[in-house]
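Below is one structure; the comments refer to it alone.
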Amino acid sequence: MDDEISAGSSDSAESTAYWIEWFQSLKGNEFYCDIDEDYILDRFNLTGLNTEIPHYALAFDLITDALEDDLDDNTRVEVEKSARQLYGMIHARFVITARGLAKMLDKFRHAEFGRCPRVLCENQPVLPCGLADTPGIKCVKLYCPRCEDVYSPVARRHLAIDGAHFGTTFPHLFLLAYPNMIPTKSAKRYTPKIFGFKIHQNAKEQRRQDEIREATPGAPRSNPPTTPASVLDSP
Amino acid sequence: MSPGGGTRQQQQQQHPRHQQAVYTNGHFDKQTDPDSDEFDGDPGNVPVMTHSVADAQAIYYGGGQQNQHGGRLRYDDVVGNGLVDEANGGDFIQDDEDSELEDPEDEDLEGEEMSAEDSYEETDSETGSSVISWVSWYCSLPGHEYFLEVPEDFIEDDFNLTGLSYGIPYYNEALDLILDIDQEEPANPACMSEIESSAEILYGSIHARYIITKPGLHGMLQKYLEGVFGTCPRVYCGALGALSLLPMGPSDVPGEDTIKMVCGRCGDLYFPKEAKYQSIDGAFFGTTFPHFLWLTYPDSLPPIVSRSENPIQFLRPPKMELGRVDDDENDDEDFGQDKRSSSSDEQDSRGTDDDSDDPLTYRIYQPRIFGFRVNERSVVGPRMAWLRWKDVVDEDGPRT
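Quick note, the sequences are listed as chains P and S, same order.
Residue numbering for the first sequence follows numbering that gives the first Met the number 0, beginning at 0 and increasing consecutively.
Residue numbering for the second sequence follows numbering that gives the first Met the number 0, beginning at 0 and increasing consecutively.
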């Protein structure tokens, strides 16, 4: 159906392939998974998006490769921008469906979203995550399932991706759907030392952290070899 | 390239006297044009450090100037002033600046050094025909931006090198190389690469000792404030470019582990962001340095302030008093009570993402599914929030 329209060769680069394929191949867009054509074409899935995105109809046509080439340059640029935003917003909805989660699982397994910068997480693969569901507020962040914290992406090109294109829900729903992907959490922690001695302020803080950990249901328990000193050294 | 010839930039990359070593040492293989290589993927707010020869000299003499109190690593200076108990940090800064800026003897000292080193360290920035010292050259290599230039006086003092001669092959040759002392008979070219790598280890070990002296801490503080070490990758620490990262090594023994970055706010260890720093030996900075700097200059770390929001709000375990707890949404038992309705409005207004940009506000990430907090008993529920728990400081002072 729509596919055949853009299959014809044209001068401009984006018309030579499907728009979605072209968009995916852009540098920095590795985090996105390709949304099923059926999902985009089902208008039910796009409910409400037409009010949020300017040039909605044109942008939708561009994504589905149904756009006729009769736009002047200015409009074209705007529509292109809207198309990215629209694709991102559909993406945020798609990745929390069963199909989307499965596609993201594949990417997660290959650590395509990067790895946790925290040393004690031992290169745990991370998941993309937004801090807001409204577009244009924050760029995408990386959620580490091991330390349960969010980090900024390392590569500069990823700083341009809107966090709302993944949403606040995705990483947690992902782990709910695939509980075997939840890594074992560890009570290991970095203890700052000066000439081998612990620092009073930090030691106090860490004892309090231990208390909280003991009181948290399901939190990792410290095993003797990891933090013996913090227990024994208390005054 | 003959010594003294060529452009300044070439000299920065390859010290003329040790050109061969540069080629043989795999460590420098990936170096390219320093202009394009430096701070490739950094956020824009990190200033680019480019050492020209003149800069390097200026830093060098600056170091020499401070060196009159720090010429010797005085352990009583370091340990005996109660720093480990985090006392009198403020006095420390005062001391340092006073003596550095106002002491008239400093100028004499500088003058002496200038004349003594004129013979081989003459700077001629117009023609670029100058020979820079090994230390300046080493610290100006791409990927070595974290290193401070250790003044020659400090290296020349044997007391500061106590114990370093064990385990470092070609110790004397390496020391001569660092100090730019010419050998009578040139070393066997086959040994040259080994001497070069020994010199690196030796310089790193001296560096680890130097940066916990007064002038060393001061020099590192300058680097820290310039943003050389970058910001914490954790979203709620590095917001707005708040500086809280310092380099450290998990071990004090060379060759055991690479450099790590420690964040003074969340107190955790991270890998350096850029690949060029990931191969630096951690022992060149040591386990002590970052905490020592923060204790010496307490103002260098943004305080952990909660403002109106308490980061431990959802962490409060039963029967535990953790300071003033504004419980709004955390207690299921409170659900029907009246006080909730008033406080939850507050929570909504301040729980927006805008205030997470405030570098002083310490926050802990709260997982949410469709806007609802994930229960602690859930499979994916928060298990690790204790890790980020911090003593919260009000504007009035620390809470207990």
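Ideal Cβ placement from N, Cα and C applies to all residues, glycine included.
- For Cys236 (chain S), the uninterrupted alpha helix (DSSP H) run begins and ends at Val234 to Gly237, by DSSP.
- Within chain S, Val379 have C-beta atoms less than 7 Å from the C-beta of Leu174 (chain P), given in sequence order.
- The CB of Lys259 (chain S) comes closer than 7 Å to the CB of Val118 in chain P, given here in chain order.
- With a threshold of 7 Å between beta carbons, Ser221 (chain P) makes no contact with chain S.
- Using a Cβ-Cβ cut-off of 9 Å, Asn201 (chain P) is close to Gly266 and His290 of chain S, given in chain order.
- According to DSSP, Lys140 (chain P) shares a beta bridge with P:Cys128.
- For Cys115 (chain P), the CB contacts under 6 Å within the same chain, skipping 5 residues up- and downstream, are Gln123, Val125 and Cys143 in chain order.
- For Lys106 (chain P) and Lys275 (chain S), the gap between their C-alpha atoms comes out near 27 Å.
- For the 7 Å CB-CB criterion, Pro249 (chain S) and Gly281 (chain S) form a contact.
- Spanning the alpha carbons of Met247 (chain S) and Val261 (chain S) requires a straight line of approximately 7 Å.
- A straight line joining the alpha-carbon of Ile52 (chain P) with that of Gln84 (chain P) spans about 7 Å.
- When CB distances to chain S are screened at a threshold of 8 Å, the residues of the stretch 187 to 200 of chain P falling below it are Arg188, Tyr189, Pro191, Lys192, Ile193, Phe194, Gly195, Phe196, Ile198, His199 and Gln200, in chain order.
- For the stretch 220 to 242 of chain S, the residues whose beta carbon sits under 8 Å from a beta carbon of chain P are, in order, Pro232, Arg233, Val234, Tyr235 and Gly237.
- Contact of Ser185 (chain P) with chain S is not assigned, every C-beta pair being separated by 7 Å or more.
- The beta carbon of Ile34 (chain P) sits closer than 8 Å to those of Ile19, Tyr86, Ile89, His90, Phe93 and Gly99, all from its chain and outside the five residues before and after it, given in chain order.
- Straight across, the Cα-Cα distance linking Ser192 (chain S) with Leu178 (chain S) is about 17 Å.
- Looking at S:Leu147, S:Gly380, S:Val130 and S:Cys138, the one whose alpha-carbon comes closest to that of Ile211 (chain S) is S:Leu147.
- Contact annotation for Tyr150 (chain P) against chain S: Pro232, Arg233 and Val234 [CB-CB distance below 8 Å, chain order].
- In the three-state scheme derived from DSSP, where H, G and I count as helix and E and B as strand, Phe371 (chain S) is classed as strand.
- Closer than 9 Å at the C-beta level to chain S, one finds these residues of the stretch 204 to 218 of chain P: Glu204, Gln205, Arg207, Gln208, Asp209, Glu210, Ile211, Arg212, Glu213, Ala214, Thr215, Pro216, Gly217 and Ala218.
- Neighbours of Glu151 (chain S) across chain P, judged by C-beta separation under 9 Å, do not exist; the nearest C-beta is about 26 Å away.
- Under the 7 Å criterion on CB atoms, Tyr296 (chain S) is classed as non-interfacial with respect to chain P.
- Fully contained in the stretch 21 to 52 of chain P are the following alpha helix (DSSP H) runs of length 4 or more, in chain order: 36 to 40 and 48 to 51.
- In this chain, Asp256 (chain S) is not harboured by any alpha helix (DSSP H), its DSSP state being neither H nor E.
- For Leu245 (chain S), the uninterrupted beta strand (DSSP E) run begins and ends at Leu244 to Met247, by DSSP.
- Among the bridge pairs identified by DSSP, Phe196 (chain P) is matched with P:Ile193.
- At least one beta carbon of chain P lies nearer than 7 Å to the beta carbon of Arg367 (chain S).
- Exclusion of the five residues before and after Gly142 (chain S) leaves Lys275 as the residues of its chain whose Cβ lies within less than 6 Å of its Cβ.
- The C-alpha of Pro297 (chain S) is placed about 21 Å away from the C-alpha of Tyr145 (chain S).
- DSSP places Tyr169 (chain S) in the coil class of the three-state scheme, outside both helix and strand.
- Residue burial annotation: Pro381 (chain S) is buried, with at least 16 other C-beta atoms found within 10 angstroms of its C-beta.
- Excluding the 5 residues flanking it on each side, His54 (chain P) has same chain C-beta neighbours closer than 7 Å at Glu77, Val78 and Ser81, in chain order.
- Taking a 10 Å sphere around the C-beta of Glu255 (chain S), we find fewer than 16 other C-beta atoms and assign the residue as exposed.
- When DSSP assignments are scanned along the stretch 142 to 230 of chain S, no uninterrupted stretch of beta strand (DSSP E) that is 3 or more residues long falls wholly within it.
- Comparing alpha-carbon positions, the option among S:Ala207, S:Thr257 and S:Phe158 lying closest to Leu292 (chain S) turns out to be S:Ala207.
- Residue pairing of Asp148 (chain P) in beta bridges, as defined by DSSP: P:Cys143.
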